[in-house]
Each structure stands twice: as structure tokens, then as C-alpha cells.
Amino acid sequence: MFRHELLSLGSAMRRHILGTCAVLVGLVVANPLSAADHFLTIGGGPTPDSNQVSLENNVLYFQRTLTQLGRDAVEHVILFADGVNPEADLQFQNPDRGPEELHRLLAEIVGPSNGIRFDYRTSTVPGVQGAADPETIDRTLKELSQRLKSDDRLVFYFTGHGGRERPARPSRGRRPTAAIADDDENADENADENADDQKPEEAKEDDSDEKDSQEDSADEKKEKQEESKSNERRSNRPSFTGNHTHLWDHKTMTVTSWTEKLDELPRDMPVVAVMVQCYSGGFGNLIFRGGDPKNGMSDHPRCGFFSTVPDRVAAGCTPNINQAEYREYSSYFWEALSGTSRTGETIELPDFDHDGRTSLLEAHAYTALHADTIDIPTRTSDFFLQEYSATTGKKDLLTIHAPIEVLLAAADPCERAVIEGLSQQFDLHGSDRGKDVEEAIKAKQKEKREIDGEVRKFQQTIGRKRSEIKAALKERWPEITNPWHPRVMFLLTEEPEVLRAMILEHDSYEELKKAGDELDEAQTKQEQFQLDIVKLERLKFWLERRALLLNLPTLADETKQQQLETLVQLESQQL
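According to this note's numbering, the sequence shown holds residues 81 to 655 in order.
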């Protein structure tokens, strides 16, 4: 009966159903219950002073997550910082070096203060197999490619630092694209005005067909102009293929390089990437051939989740040893999958589709909804939509200003949860949710600018008070500005209390402390405004995703629509 009903459907619908079935069959083959999973973690900074302890703790937390999920017996290759080298490669903040410890006082008042609060040790991640450098990564992926099979799956976690592609400077004398676009818009407006010069009543009935034809032609011309402008904006948009990861010993690997390495793995083997470095969103390009959108979709089934969009820094990377203060993407992502925070607290597992399980996509949505970070989390299907869909360039395309009922009409449970959840956080309930968001962002930015002024004022006060204390120290001990001078060494070892009292009993010290406390308070407010702004920007980002998704059938063929469906299915796997 199913075959009879299928034959009675249109050919496009039959292809859609068969394509969906093929996707589901492919995912059953890739299901970790019937195939071997492999985990690859790469982390750390390029040097000891940029290899913060939080990066080590991220790897340790991921290991605990795998243990909680019963996946600790699965192969887990770890490359971290300088590998098994016993030399110090990790920076951490010494909690014993408080604000009134003598060395820190001198460093912050007299200078230099760089690194005074930090100490170093060798990293202690268990099971590390090598350094996080291009050569070791290349060998590791080559070795994996020799023994992994098409029905296996690789989960790749990168926790480190990243850099962004630097856009090429426009040639001298060339006008900015925005100016060209503005001229085009003015031309369209003038064309409309000229078209209105002829009044309808002056047209003869005999010319009605010709008039309709002219109007159709004008509409078609205008639509082509809009599409041309849209294509121009798209062609001028950065590809972010040059976004890169910073690796040990000042080495880097770009999106293109990573894609070439991953291409050596079996063609049909799914790869899931979780990357939390600055500018990590550029690695959404892993879904394209050679890591470049211009080349079309890759034959390799890949998906990824990234801490932030391609042109923004990410939260995290701190020498602070107190994990309760960590606020970064993977803290939320792993707790959503394991049900336990990095400090051991129990977390209610997100289950937006009510199927009794938590998928990678649900963990990503949970992070976007709850993370108190400066990040705008993104995923590979966002990159796909930004490449193959648009909100301008054709008539009747939806934007973030479409009625919220329209944008959410066919939203999946994760999209609905994030959009409705973030809207509720800021009490936004209007039909034009895009307008609500943009107005809320402007209001928060205005409030933040006032706090920014207070922060600068307190920073200037702190600078003045430190200079006053420094001048008094220098007047008594002219050698004080050179930490290597024998007299300074004598004071530190033989008369430390005399030196310390000179600082703490100075008239400006209490004012310095007061300004420091006021600065802390102002910066807390400043940070909260920034977090609110970013959460609103996340809401705007997810509204735009819905508009892009709804516009896709108008702008892309059925093949592209099926590719998106396959990609979202990959993102919906479980760990």
C-alpha cells in the first residue's frame, strides 16, 4: 500500500520522501551503537604564557563527561600543549599572591606588572599521547585514516586559541561596496519616481496590455537589480577560510589545512567537531570542499558546533584555578550532555523534543539559551544557510521582522526553545520580534556607554594614585624602578616590612583601594550589560536563522534542501 500511495504523489514529493529515508538509513549506519566511536581532543596554547590552566581543565572535564556517559572505554587520543615534555608549559594564577603581597604591590605600582600573578607548571592531563602541533596532528590523522572504517565516527574536540582571517584591503581609489549599494538603491528610487510620472487615467485602454507588460518588465528588472546587489554582498562577504587554530610552538593551522587533513579519513565516516576557540565559527567551512564555500559541499559527512561566530572572540582561556568561575561554551555544552556541571552540580538534561534523550543539537541550544558568556554560539547548518539562502535580493523574502508566528510556524523544538526562552528573559512578546530585539539592544548599549564612562574614570583615578605612591618610593629609593638593582634586592630580602609599610601607609593608598573597589563594582555592571547585549544578539541570530531557513526553498534547489536536512540530522546525533 505504501508503494501505491508513493506512486500517487508528485515526483518532487517522492524524491523528498526517498531522500529523507536515505538520510535516516545513513544515520542508522552511523549510529554509535552499531559502529565504533573514536574521540580526538586537541588543546592548549602556543606557548606557556598563553596555555592557561582552564584549557587543561576543559580536557579533564571532557574526560569526566565521557566517563559519566559510559564512554571512557572508547578510544580517546589526546594531544595537548607540548605533549609529554616534563618542562613547565601551563600558566595558572597563584591564589597566595594576594593584592597586598609585597611583590605584587611593587609590580602593580612601580612596574613592570606583566605576569606577576601567574606561576607555571607542567600540564597533568592523563593519557596525553603527543604535542598539539601540526606535525603530530598530521601523523595522528594519517594513522586514524589507516584503521578507521566508514561506519565508525570521529568526535573531535578543540580547546585552545584561534585567530581570524584578515580581510584584504580594497585597492586605492576603489569605492566601498556600501557606497555602490547606496547608489543602486537611489537609482531604484528614481526609477520608481519616474514610473509614477504617468498617471493611470492618462493611459488608453488599448495600451493596457502593453502597460502590464512594461510593469512586469520593470518588476523583473528591479528584482534582478536586488538579486545582483545581494550576490555582490555575498561575493564580498569574508569566507573565513583563513581562520585558524593556534598550536604549540607558535604554529597555526587554517580551516583549509584542517579540511585537507580530515579529508584523509574514510569518505563516508561521520565527523563531529566541537571547537571553542576565538573565531571558531569559521570552521563551519569544514562542510565545504577544501574548506571553501566556493567549492560546494564536501562529500564527507561532517557537522560542527562552535563557541562563537567567525568574526568574534570567545569566552574562556583563563589562568584562574577556580572552575566555579568558568564561563565558556564547553562548560555548558558538556553539562547539558552529562547532567553534571564541571563543579559536580546536577543539571537537568535538556530534552526539547521530549524523546527522553539529549542530542548534540539540544546541548548546543541549551548553551545558546543559558550561557552567561560573550559568545554567539553557531553550528555548521548556520553556515550552510548563510551561504545558500538570504533575506534580501528577491521579492517577498522573509526577514527577522516577519511576524513571529510565521517565523516559528515550522520551527524545530530547539529553535522554538531558544527563541521563546531568550524572548522571555527580556520580556519581548511583540509580533515583530526583530524590531523588539533591535530596540532592546540599542537601549542596553546606551546604558552600557554610561557605565563605560564610569569605568574609565575609576581607571584614571587608579593610575594617578599609583603614580603618587611610585613617586614617593622613588624619592626615598631612587633605585626602586630597577628590580635587579642590588639595593632593591636588599630591601626585598632584608627590609620587606619597611618597603611594604611605605606603600600601605601612604596617603594615596586608601584612595587607591577605594577606587579599585568602585572599579570592580562598575565592571560587574558593565559585564552584565555586555552579557545582556550578547544574549539579545543571539536571539537576533536565531531569528535570522529561521528567516534564512524559510527562504531556502525560494533560493535553492531540492538538492540543497536535502543537503541541509542531512546536515541537521548529523547535528542531531547523540554523543
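Don't be surprised by glycine CBs; every beta carbon is placed ideally from N, CA and C.
Boundaries of the alpha helix (DSSP H) in which residue i is found, first to last residue
i, result
"K594", "587–635"
"K374", "K374 -> no alpha helix (DSSP H), and no H or E assigned at all."
"V335", "335–342"
"E467", "460–468"
"P214", "214–227"
"S547", "513–556"
"I454", "Per DSSP, I454 belongs to no alpha helix (DSSP H) and is neither H nor E."
"V486", "484–488"
"I189", "182–189"
Simplified DSSP assignment, three categories, for residue i
i, result
"R177", "coil"
"M355", "strand"
"C494", "helix"
"I427", "coil"
"D476", "coil"
"T321", "coil"
"T573", "helix"
"T447", "helix"
"T646", "helix"
"E273", "Legend: pLDDT at E273 = 36, less than 50; position of this residue unreliable, value from coordinates given subsequently. Of the three classes helix, strand and coil, the one that applies to E273 here is helix, per DSSP."
"G362", "helix"
"R422", "coil"
"Q143", "helix"
"F506", "coil"
"E368", "Residue identity check: residue 368 is Phe in the sequence provided, not Glu. It is a strand residue."
"Q641", "helix"
"R347", "coil"
"L327", "strand"
"T561", "helix"
"Q653", "coil"
"F413", "helix"
"L170", "strand"
Buried versus exposed call for residue i [16 or more other C-beta atoms within 10 Å across all chains shown]
i, result
"L644", "buried"
"E215", "exposed"
"Y409", "buried"
"W622", "buried"
"A283", "Legend: pLDDT at A283 = 35, less than 50; position of this residue unreliable, no value from coordinates given."
"V164", "exposed"
"A489", "exposed"
"W564", "exposed"
"P381", "buried"
"H324", "buried"
"R233", "buried"
"M569", "exposed"
"A482", "buried"
"A523", "exposed"
"N131", "buried"
"V578", "exposed"
"E651", "buried"
"D169", "buried"
"N375", "exposed"
"A551", "exposed"
"P558", "exposed"
Span of the beta strand (DSSP E), counted from its first residue to its last, around residue i
i, result
"K157", "Contrary to the premise, residue 157 reads as Val rather than Lys in this sequence. From DSSP, the beta strand (DSSP E) with V157 extends over 155–160."
"Y200", "198–201"
"H241", "233–243"
"I122", "117–124"
"G210", "208–210"
"R382", "382–386"
Pick from the options that is closest to residue i, judged by C-alpha positions
i, options, result
"G195", "A187, T202, M355", "A187"
"F385", "A353, Q540, I480", "A353"
"N402", "G240, G371, R422", "R422"
"C397", "G362, R317, V356, A211", "V356"
"E485", "V335, H509, F463", "H509"
"I367", "A395, F320, S461, G322", "S461"
"N562", "L628, P128, P192", "P192"
"D512", "K545, I480, I189, C494", "I480"
"L572", "R184, Q173, G123, D176", "R184"
"N174", "A153, E155, R459, Y200", "Y200"
"I454", "D391, G210, D117", "D391"
"N118", "H326, G243, V351, M333", "The identity of residue 118 in the sequence shown is His, whereas the question assumes Asn. Per the Cα distances, V351."
Presumed contact (8 Å Cβ cut-off) between residue i and residue j, rounded CB distance
i, j, result
"D162", "W328", "6 Å"
"R626", "A520", "Between A520 and R626 the Cβ distance is about 18 Å, and since that is not below 8 Å, they are no contact."
"Y446", "Y412", "6 Å"
"T458", "E624", "So it is not a contact: roughly 11 Å between Cβ atoms."
Residue i Cβ short of 7 Å to the ligand HEM heavy atom set
i, result
"W622", "This structure lacks the ligand HEM, and indeed carries no ligand of any kind."
Interface flag, residue i vs chain B, CB-CB below 8 Å
i, result
"E518", "Absence of chain B from the displayed structure is noted, only one protein chain being present."
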